[in-house]
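In my numbering, the protein residues as written are 435 to 565.
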């Protein structure tokens with residue numbers, strides 16, 4: 435949003451989702467190649483669910499951790515986020531989650547993030563083999 439000078443909703447409305455995903459892919463590439471040190475990158479659910487991005491992360495030697503929560507909890511958390519064009523209602527949110535779920539399930543590690551203290555989630559992530 436900062437680089438584009440407009441919200442995600444504005445980008446979707448003015449140029450569509452394909453353009454947004456192209457920009458997103460460019461930023462991911464920039465992030466993955468921009469540091470010689472190991473880097474933690476928190477991706478939005480749609481970023482990881484794009485086949486090209488998933489393949490790019492793997493090709494670069496990246497390791498993925500899926501922070502798993504029930505779809506109802508995810509929807510509750512996302513309800514307060516402004517400018518999210520794909521989060522319209524409960525039905526479309528669930529459909530979007532179900533479309534993305536096969537990608538999430540391909541993550542190298544799964545961490546249960548439901549109803550847990552963030553510090554406990556971080557502790558579990560740090561216990562993953564890569565760290």
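Glycine included, each C-beta is placed from N, C-alpha and C at the ideal position. These figures come from a predicted structure and were not determined experimentally.
Since residue i is in the beta strand (DSSP E), which residue starts that stretch and which ends it?
i           : result
residue 518 : Where residue 518 is concerned, there is no enclosing beta strand (DSSP E), given that its DSSP letter is neither H nor E.
residue 501 : 499 to 502
residue 545 : 543 to 546
Answer yes or no: do residue i and residue j have a C-beta to C-beta separation smaller than 7 Å?
i           : j           : result
residue 498 : residue 546 : no
residue 548 : residue 506 : no
residue 457 : residue 465 : no
residue 544 : residue 489 : no
residue 534 : residue 483 : yes
residue 441 : residue 448 : no
residue 520 : residue 487 : no
Could you spell out the range, first to last residue, of the alpha helix (DSSP H) harbouring residue i?
i           : result
residue 556 : 552 to 560
residue 494 : Neither: residue 494 is in no alpha helix (DSSP H) and is coded neither H nor E.
Using C-beta distances below 6 Å, list every residue in its chain close to residue i, excluding the 5 sequence neighbours before and after it, in chain order.
i           : result
residue 494 : 466
Taking the alpha-carbon positions, what's the residue i to residue j distance?
i           : j           : result
residue 559 : residue 500 : 10 Å
residue 471 : residue 496 : 12 Å
residue 481 : residue 525 : 21 Å
Please return the same chain residues whose Cβ sits closer than 7 Å to the Cβ of residue i, not counting the five positions on each side in sequence.
i           : result
residue 555 : 501, 545 and 547
residue 522 : none
residue 479 : 534
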